[in-house]
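Colleague: Numbering (the numbering used here), first residue to last: 1 to 145.
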Amino acid sequence: MPEASGDEEDDLVARARSARSRAYAPYSHFYVGAAIRAAGDVFVGANVENASYGLGICAERVAAATAVASGSLAFDAVAVTSSAVDPTPPCGACRQFLYEFNPEMLVVSEGADGERRRWRLSELLVDGFGPADLRRPRIGEEEER
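1. Output needed for residue 10: all residues of its chain with C-beta closer than 6 Å, excluding positions within five of it in sequence on either side, in chain order.
2. Would you list the one or two residues that DSSP bridges to residue 41?
3. Would residue 82 pass as a contact of residue 32 if the rule is Cβ separation under 8 Å?
4. Taking DSSP as the reference, what is the three-state secondary structure of residue 32?
5. Between which two residues does the alpha helix (DSSP H) carrying residue 14 extend?
6. Tell me residue 136's beta-bridge partners as DSSP assigns them.
7. In whole angstroms, what separates the C-alpha of residue 70 from that of residue 91?
8. Just to confirm before moving on: does the CB-CB distance between residue 111 and residue 77 stay below 8 Å?
9. Who are residue 64's beta bridge partners in DSSP?
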């Protein structure tokens, strides 16, 4: 289980909980909040649904985009809270999105009952696709040079 400072983790989870209270989920009623710690700063996000279901966005990606827009790319940890009783880790799309910034970041999920679970992102997205994969040799590459 990944290590984290108790106070820092508690603060990150509290901020995710606060963000969850602002989630817009009138269709699924599955409210999610996320908080990302990047270089000492914390960026929050809440899920936003849309009547055209595919256009919704998850809390983790809102928080990540806010961090990037603020100039922070070095993500250390993400906390996710949802309205589900049990801890719910990020969805597959969010795992891949976050992997871009730090495959080894701490992921903390807290359920509505207060139970927490912790992982490294690389445990949740085994053999994830990252920036280094775009530099791998490709078929036909030598013929093009």
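Heads up, the beta-carbon is just placed ideally off N, CA and C, and yes, glycines get one too.
Modeller: If we stick to the structure as given:
1. The count along the sequence shown starts at 1 and reaches residue 10 at position 10. So the list is empty, once near-sequence residues are dropped.
2. The sequence position of residue 41 within the sequence shown is 41, counting from 1. According to DSSP, which records beta bridges pairwise, residue 41 is partnered with 38.
3. Position 82 of the sequence shown, counting from 1, holds the residue named residue 82. Position 32 of the sequence shown, counting from 1, holds the residue named residue 32. Yes, Cβ-Cβ distance for residue 82 and residue 32 is below 8 Å.
4. The count along the sequence shown starts at 1 and reaches residue 32 at position 32. The answer is strand: DSSP assigns residue 32 an E or B state.
5. Along the sequence shown, one-based indexing puts residue 14 at 14. It spans 6–20 - the alpha helix (DSSP H) in which residue 14 sits, taken as one unbroken run.
6. Along the sequence shown, one-based indexing puts residue 136 at 136. None, per the DSSP bridge assignment.
7. Here residue 70 is taken as the residue at index 70 of the sequence shown, counted from 1. Here residue 91 is taken as the residue at index 91 of the sequence shown, counted from 1. Roughly 24 Å between the two C-alpha positions.
8. In the sequence shown, the residue the question calls residue 111 occupies position 111. In the sequence shown, the residue the question calls residue 77 occupies position 77. Not closer than 8 Å, so no.
9. The residue you call residue 64 lines up with position 64 of the sequence shown. Note: residue 64 sits in no beta bridge, so no partner.
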